[in-house]
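Heads up: the structure comes next, in structure tokens.
Numbering (my numbering), first residue to last: 12 to 94.
So, in structure tokens, the structure goes:
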């Protein structure tokens, strides 16, 4: 009978240990979920910034192309005026 009682106590102790591990795992998962949520916010901000920068670069490229065309037209007008 004593062996059965000892076995029962060991089993209870093991179950408590498993419960503690499950609780610890739940805390870890919750912390990870919070970190992922925070990262999602940061990624959204980064994506918005990249879109803004892309728009600025497009405008800059368009402005540079326009300036190049202005110079070419100006050169052509001068050549035509000379000829």
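The beta carbon of each residue, even a glycine, is placed where N, CA and C say it ideally should be. Please read these numbers as outputs of a predicted model, since none were measured by experiment.
In the DSSP annotation of this structure, the continuous segment of the alpha helix (DSSP H) that includes residue 51 starts and ends at 13–93. Here the alpha carbons of residue 18 and residue 12 stand approximately 10 Å from one another. When the five nearest sequence neighbours on each side are left out, no beta carbon in the same chain lies closer than 6 Å to the beta carbon of residue 78.
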